[in-house]
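Student:
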């Protein structure tokens, strides 16, 4: 049983995370390119989004792993043999619940601690891109603005930016002075002041002009140090600007000691949302068993489809309930735990039907409707009609 669950669980989890990542990747590439940041930051942003994707991917992987394991046992008649030798469904669920316990603890650690901090780092990267802190990297062959008064162009870069060639610099001061420099080679050097760097140039020409100069001064040099003031960027806010960035203990404290009613309700909603999501994982083995065992002489995959629909629907209902609770219209406990109770009641009824009702099949009626609908559609297909006439 453990092996039957492990393979589809890991495969489903990997596929789900890859789909989430691919769905977000194109948007991030467009965002980073628009803001003028380095492409490498996309991978850092995706890494910080992985905990969020795992928060939904783990329940889906657990659900499909257990469901496909029971479906394989049922379609190969092994489940009938196990039931025939006296093994109850309760006993067959021992191994699935071991997986559930381990993955629920992992998911609690992710949504309770890892995801909030990763979300904060993700928002920090977005902030740096929008303000230009990451976009200030010098692009070869393009004019780069360093602050409001300096323009820099590099024709060629070698040794990861340590050796620069084909250099052009134009700088302007507040009192009307301007400086134009071309140089064959150059490199950046650090100084004691973190806000100033030295651009050491070699074999070039410097043109300096002031309003009182009749003609600009021209200087040819073999070596010249040009100080550059780095542009100053606004600091990113501290963690906790949004409830998504608080860990579970922090949400619990905010829910009791928040400065305003809105903060307290928002923190309580997020706290109960995360707990309800993790608690629902303990219902998934029962639901997987009820949906994974098809009716006799049936190979329909309707249960697989319904399982995904039910998980995603419950997740969306929880998100809506958390938003309503955050607005203060309904107490967060009522908004989030009433849907959980309804979902739990439905799952327990489905499990009771298949485990204790003789010949019980919780989705038997849906299976029959699905089968009749499929046959009716197949009869009306052009290819099928030609085959029947022939």
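Residue numbers (my numbering): 3 to 392.
Every residue gets a Cβ at the ideal spot worked out from N, C-alpha and C, and that includes glycine.
1. What are the uninterrupted segments assigned as alpha helix (DSSP H) that are 4 or more residues long and contained completely in the stretch 101 to 187, given in chain order?
2. Starting from the N-terminal side, write out each stretch of the alpha helix (DSSP H) that is 4 residues or longer and does not extend beyond the stretch 245 to 283.
3. What are the boundary residues of the beta strand (DSSP E) that includes residue 313?
4. So the alpha helix (DSSP H) residue 229 belongs to, where does it begin and stop?
5. Pull the bridge partners of residue 211 from the DSSP assignment, please.
6. Leaving out five residues on either side along the sequence, give the residues of the same chain with a beta carbon under 8 Å from the beta carbon of residue 126.
7. For residue 174, collect the residues of the same chain with a Cβ closer than 6 Å to its Cβ; drop the 5 residues on either side in sequence, then sort them by chain order.
8. Measuring CA to CA, which of 21, 19, 45 is closest to residue 31?
9. Counting C-beta neighbours from all protein chains within 10 Å, is the total for residue 128 16 or more, i.e. buried, or is it exposed?
10. Okay, do the stretch 283 to 290 and the stretch 55 to 70 touch, 3+ Cβ pairs below 8 Å being the bar?
11. Since residue 183 and residue 203 are thought to touch, with beta carbons under 8 Å apart, how far apart are those beta carbons, to the nearest angstrom?
12. Take the Cβ of residue 363 as the centre, count every other Cβ of all protein chains shown within 10 Å, and call the residue buried at 16 or more, exposed below.
13. Once you ignore the five residues that flank residue 115 on each side, which residues in its own chain have a CB closer than 8 Å to its CB?
14. Residue 118 and residue 241: beta carbons closer than 9 Å?
15. As a quick exercise: from 270, 306, 78, 90, pick the residue whose alpha carbon is nearest that of residue 359.
16. Kindly give me the distance between the Cβ atoms of residue 227 and residue 200, rounded to whole angstroms, as I take these residues to be in contact under 8 Å.
17. On the DSSP letters alone, give me the boundaries of the alpha helix (DSSP H) that residue 193 sits inside.
18. When DSSP labels each residue in this structure, what does residue 205 get in the three-state scheme?
19. Are the beta-carbon atoms belonging to residue 245 and residue 197 less than 9 Å from one another?
20. Just the Cα atoms here: how many angstroms apart are residue 319 and residue 335?
21. First and last residue of the alpha helix (DSSP H) that includes residue 465?
22. Please report the straight-line C-alpha distance between residue 222 and residue 131, rounded to a whole angstrom.
23. Would you please state the rounded distance, in angstroms, between the beta carbons of residue 296 and residue 71? I believe it to be under 8 Å.
24. May I ask which residues mark the beginning and end of the alpha helix (DSSP H) holding residue 81?
25. Quickly, what does DSSP pair residue 200 with across the bridge? List them, please.
26. Over the uninterrupted alpha helix (DSSP H) stretch that includes residue 286, give me the two end residues.
27. Since residue 56 contacts residue 7 with CB under 8 Å, what's their CB separation in whole angstroms?
Tutor: This is what the structure gives:
1. Within the stretch 101 to 187, the complete alpha helix (DSSP H) runs of at least 4 residues are 117 to 133.
2. Entirely contained in the stretch 245 to 283, the alpha helix (DSSP H) runs reaching 4 residues are, in chain order, 250 to 259, 263 to 281.
3. Element bounds for residue 313: not the beta strand (DSSP E) but the alpha helix (DSSP H), 304 to 328.
4. Premise fails: residue 229 lies in the beta strand (DSSP E), 219 to 231, not in any alpha helix (DSSP H).
5. Per DSSP, 180.
6. 238, listed in sequence order.
7. Same-chain partners within the cutoff: 151, 180.
8. When only C-alpha atoms are compared, the closest one is 45.
9. Per the 10 Å Cβ criterion, buried.
10. Contact between the stretch 283 to 290 and the stretch 55 to 70 is present, because at least three Cβ pairs lie under 8 Å.
11. With 8 Å as the limit, residue 183 and residue 203 qualify as a contact, their Cβ atoms being about 7 Å apart.
12. Looking at its Cβ environment, which holds 16 or more other Cβ atoms inside 10 Å, residue 363 is buried.
13. Around residue 115, the same chain offers 249, 250 as residues with beta carbons nearer than 8 Å, after the five sequence neighbours per side are excluded.
14. In contact: residue 118 and residue 241 (Cβ atoms closer than 9 Å).
15. If we check each option's Cα against that of residue 359, 90 comes out closest.
16. Their Cβ separation, rounded to whole angstroms, is 5 Å, which keeps residue 227 and residue 200 in contact under 8 Å.
17. For residue 193, there is no enclosing alpha helix (DSSP H), since its DSSP letter is neither H nor E.
18. The answer is strand: DSSP assigns residue 205 an E or B state.
19. Taking 9 Å as the cut-off, the Cβ atoms of residue 245 and residue 197 do not count as close.
20. Between residue 319 and residue 335, the C-alpha separation is close to 14 Å.
21. Outside the modelled stretch of the chain, which goes from 3 to 392, sits residue 465, for which no answer is possible.
22. Rounded to the nearest angstrom, the two C-alpha atoms are 38 Å apart.
23. With a beta-carbon spacing of about 14 Å, residue 296 and residue 71 fall beyond the 8 Å limit used to define contacts.
24. Counting along the chain, the alpha helix (DSSP H) containing residue 81 begins and ends at 80 to 86.
25. The partner list for residue 200 (beta bridge, DSSP) reads 191, 229.
26. Residue 286 -> alpha helix (DSSP H) spans 286 to 294.
27. About 18 Å separates the two Cβ atoms, so there is no contact after all.
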